[in-house]
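Comments concern the structure below.
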């Protein structure tokens, strides 16, 4: 699926990081749940609702998680950011006010080699606040 | 200050640069020349150029007042696209949004050695500030001529020149409209002191931040060209292997696939990435791999295989031998560090496209001009025929100085006459890039019972000379670097050997303090006169509460610090060691940092936090395992890097010295953590760990 997204549909916001489902750079939402696109066959995604990072913004408005990542500047090189944001949207869908343990459980499969984890956690908490205050979640 | 018509041909421009400047139209062009030479280090495996005494940067203000700054530095996540623009906006007196940075395109920007060694802020920063200050002066003088006014009486502010007497005002765009001004700057104009900064020194958000949260930013591996094909390269079965035989028949029969063979280089090109993978898999090759060193005998090997030139000249003061005879406390220990991988999340990637004998290559590199030279050498063409473009990439940490992937992509593209994209797999990146050097470090020391350090001898085998000299006051010293023949390809890495040398030195200082029976912070301060280093030690200790509380059972506190490349750092940590399974938890880190005037506190904090997180990997679990020319753990599943669950509570204390020049901050934040952790583990368990990584796998070593 990753190769089709990137090379045929030119949706390059989804990244190649390892090809083994170990880094999370290729994360997309399949019916609203974070999945590793490098590990998926295209056939298995037929009829599924696939959301990539490009599809998260609606009518020029960033998703609360995108807003929070931007405000917290929760990235350095930004290569992991698409996958981080999509994993975080699934976390907040399942747990609108996540515990530390839930954050680790949902996010531990996403690697940031620049080491911005503390900021990403701060961004997730901020996104939770935005959503709690009525910021729209339109993912998935 | 004379103002010249822009009539002369700019000799360093190639065709595209001239075209580019034509596109710039009129306006003001300022170029900077005659900069001070400043040698840089880039790992010993790569040959270096001397900095040329010519043009180092230029800046163009167009007729709309839009300012474009051209620099050979590149953005790799360290945030200089933002912080350098802040410095320019500050000196030029324009709003931050007026500045656009053009970086790392060898046809558009002046030659630059590369982005490494924490040089962008201390070296390129002042150069760009000089240029901007000179540009402002030209604008003021031009306005003065127009108004018949005294330039000294005019004011430049917010993108405008104003005459306070008459109230007249012209925007920079209005001043440059219809002009073709060129100014060459050689002198150092007066720069705005950091205490007066309004744009620099502020936490301005990353310029293109939105592009990173929307997936819009195009990394090198995202580049697409019309008609582009996909490449793969056949890798040898091990290092230093020779190709015995290869059968490419099956691959050649695949539709649209072309096999490219050039000596031992074998590659494939296909219309899509999947087909290229299939074609590569269909190639049958036999390799002869010679027997080679493994991790098991690594440190003996490094000590017994010196490089031909022998050890470097030792740094010697006083007499260590004599001091050791009188020392009341004596200690000798050795410390080791393993090879580790940079593992940037974006692996090496390149898209190459030829137009006749002129290749253009988009690739991720810290050294676009060095890659241009590599391409020129590989294809025996003049460097001026080669264009390398570096889109802001998915990081590097010192790991992308070289141009292997660019050369390979260009070779494949040349063979098929079409643009070719080549993206290294994670396994290729883990295997065929280069590593941070492993090292064996021996320290012998002597002190008196009152805590006075009197003798210090430090020998580093292979890992490197960065930060090898001690910042402590010791009258008698022998300090020496011993270059070795490395079994693996090695090169630059964030902080270079500063991490290894600090690990050894700061662990040893801790050991010596225990041997004397004195608090480890007190021992350091007793032998330290560098006021900036003392300040960060004190700041870290205060925030941490060093000496104010005792750790609970199973926990320990550790402290370490040092200075290199103008970055002063001290790190305090708290660890917990599970006595049953030896599992080590890093609970809390406080790091104090001072590197002169802060250009962007938010970007700086991000760098320091990131360096700490990266340091956790090398300290606790990262190690490249190898045997007989093969890497045994070339995947994230086997090569463990820090993840969310490894995060301690991190507290960074920034000290802003507006009276001191800004130093680079990308690297040295990494050096304090490993020795602080080692010292904390000792405090918790009584067990001293002298080998990095200290907890390979899950548990403590040994």
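Chains as they are written, first to last, in this note's numbering: chain A, 2 to 141; chain B, 4 to 705. Even for Gly, the Cβ is constructed at its ideal location relative to N, Cα and C.
#1: Give the C-beta separation of residue 118/A and residue 616/B to the nearest angstrom, bearing in mind that I take them to be a contact with Cβ-Cβ under 8 Å.
#2: Taking C-alpha atoms, which residue in 178/B, 240/B and 184/B lies nearest to residue 435/B?
#3: Residues of the segment 276 to 294 of chain B in Cβ contact with chain A at a cutoff of 7 Å, in chain order, please.
#4: So, does the CB of residue 16/A fall closer than 9 Å to a CB anywhere in chain B?
#5: How about residue 91/B and residue 34/B: do their beta carbons lie closer than 9 Å?
#6: Let me know the secondary structure DSSP gives residue 66/A once reduced to three states.
#7: Residue 577/B: buried (16+ other C-beta within 10 angstroms of its C-beta) or exposed?
#8: In terms of residue numbering, what span does the beta strand (DSSP E) encompassing residue 567/B cover?
#9: Closest by CA to residue 117/B, which one among 568/B, 373/B and 626/B?
#10: Figure out for me which residue from 294/B, 298/B and 270/B has the closest Cα to the Cα of residue 286/B.
#11: Could you tell me the distance, in whole angstroms, from the CA atom of residue 377/B to the CA atom of residue 54/A?
#12: Given residue 670/B, which residues of its chain have a CB within under 6 Å of its CB, disregarding the five upstream and five downstream residues?
#13: Quickly, what does DSSP pair residue 105/B with across the bridge? List them, please.
#14: Can you have a look at residue 56/B and say buried or exposed, based on whether 16 or more other CB atoms are within 10 angstroms of its CB?
#15: Suppose the cutoff is 8 Å on Cβ atoms and the five residues either side in sequence are ignored; what does the same chain contact list for residue 242/B look like?
#16: For residue 711/B, which three-state DSSP category applies?
#17: Per DSSP, what kind of secondary structure is residue 512/B in: helix, strand or coil?
#18: In terms of residues, what are the limits of the alpha helix (DSSP H) holding residue 614/B?
#19: Just the chain B side, please: which residues come within less than 8 Å of residue 67/A by C-beta, in chain order?
#20: Taking only the alpha-carbon atoms, compute the straight-line gap between residue 328/B and residue 456/B and give it to the nearest angstrom.
#21: Within this structure, are the beta carbons of residue 550/B and residue 402/B separated by less than 9 Å?
#22: Any idea if residue 10/A is buried or exposed, counting beta-carbon neighbours within 10 angstroms, 16 or more meaning buried?
#23: Would you mind working out which of 627/B, 125/B, 653/B and 310/B sits nearest residue 664/B, comparing C-alpha positions?
#24: Can you give the Cα-Cα distance for residue 192/B and residue 274/B, rounded to whole angstroms?
#25: When you compare the CB positions of residue 461/B and residue 530/B, do they come within less than 9 Å of one another, or not?
#26: In this structure, does DSSP put residue 534/B in helix, strand or coil?
#27: Who are the Cβ neighbours of residue 47/B in its own chain at under 6 Å, not counting the five residues just before and after it?
#28: Write down every uninterrupted run of the beta strand (DSSP E) in the segment 126 to 160 of chain B whose length is 3 residues or greater and which is fully enclosed by it, in chain order.
#29: Can you name the residues of chain A whose CB is closer than 8 Å to the CB of residue 650/B?
#30: Can you tell me whether residue 383/B is buried or exposed, with buried defined as 16 or more other CB within 10 angstroms of its CB?
#31: Given 8 Å as the limit, is there contact between the segment 564 to 584 of chain B and the segment 531 to 545 of chain B, that is, 3 or more CB pairs closer than that?
#32: Which residues does DSSP list as the beta-bridge partners of residue 250/B?
#33: Could you check whether the Cβ of residue 2/B sits closer than 9 Å to any Cβ belonging to chain A?
#34: Is it true that the segment 42 to 53 of chain A meets the segment 169 to 187 of chain B, where meeting means three or more beta-carbon pairs spaced less than 8 Å apart?
#35: Is the number of C-beta pairs between the segment 316 to 334 of chain B and the segment 357 to 368 of chain B that are closer than 8 Å three or more?
#36: Please report the distance separating the alpha-carbon of residue 543/B from that of residue 163/B.
Short version:
#1: 6 Å
#2: 240/B
#3: 276 and 277
#4: Chain B, which has a Cβ nearer than 9 Å to the Cβ of residue 16/A, makes this yes.
#5: no
#6: helix
#7: buried
#8: 558 to 567
#9: Shortest Cα-Cα distance from residue 117/B to any of 568/B, 373/B and 626/B involves 373/B.
#10: Across the set 294/B, 298/B and 270/B, the C-alpha of 270/B shows the shortest separation from the C-alpha of residue 286/B.
#11: 36 Å
#12: 121, 497 and 498
#13: According to DSSP, residue 105/B bridges with 73/B.
#14: For residue 56/B, the pLDDT reaches just 37, beneath the cut-off of 50, and the residue's location in the model is therefore unreliable, leaving the point undetermined.
#15: 292, 295, 491, 492, 632 and 633
#16: Nothing about residue 711/B can be read from this structure; chain B reaches only from 4 to 705.
#17: helix
#18: Counted as a single uninterrupted DSSP element, the alpha helix (DSSP H) harbouring residue 614/B occupies residues 604 to 619.
#19: Ordered by position in chain B, the residues that pass the 8 Å Cβ test against residue 67/A are 216 and 217.
#20: Distance between the alpha carbons of residue 328/B and residue 456/B is about 14 Å.
#21: no
#22: If you draw a 10 Å sphere on the C-beta of residue 10/A, you find fewer than 16 other C-beta atoms in it, and that means exposed.
#23: 125/B
#24: Distance from the CA atom of residue 192/B to the CA atom of residue 274/B, rounded to whole angstroms, is 55 Å.
#25: no
#26: helix
#27: Here residue 47/B scores only 27 on pLDDT, less than 50, and its place in the model should not be relied on; the value that follows carries that caveat. Excluding sequence neighbours, residue 47/B sits near nothing in its chain.
#28: 158 to 160
#29: 118, 119 and 122
#30: exposed
#31: yes
#32: 287/B.
#33: The requested residue 2/B is not part of the displayed model; chain B covers only 4 to 705.
#34: no
#35: Contact between the segment 316 to 334 of chain B and the segment 357 to 368 of chain B is absent, because fewer than three Cβ pairs lie under 8 Å.
#36: Approximately 44 Å, taken between the alpha carbons.
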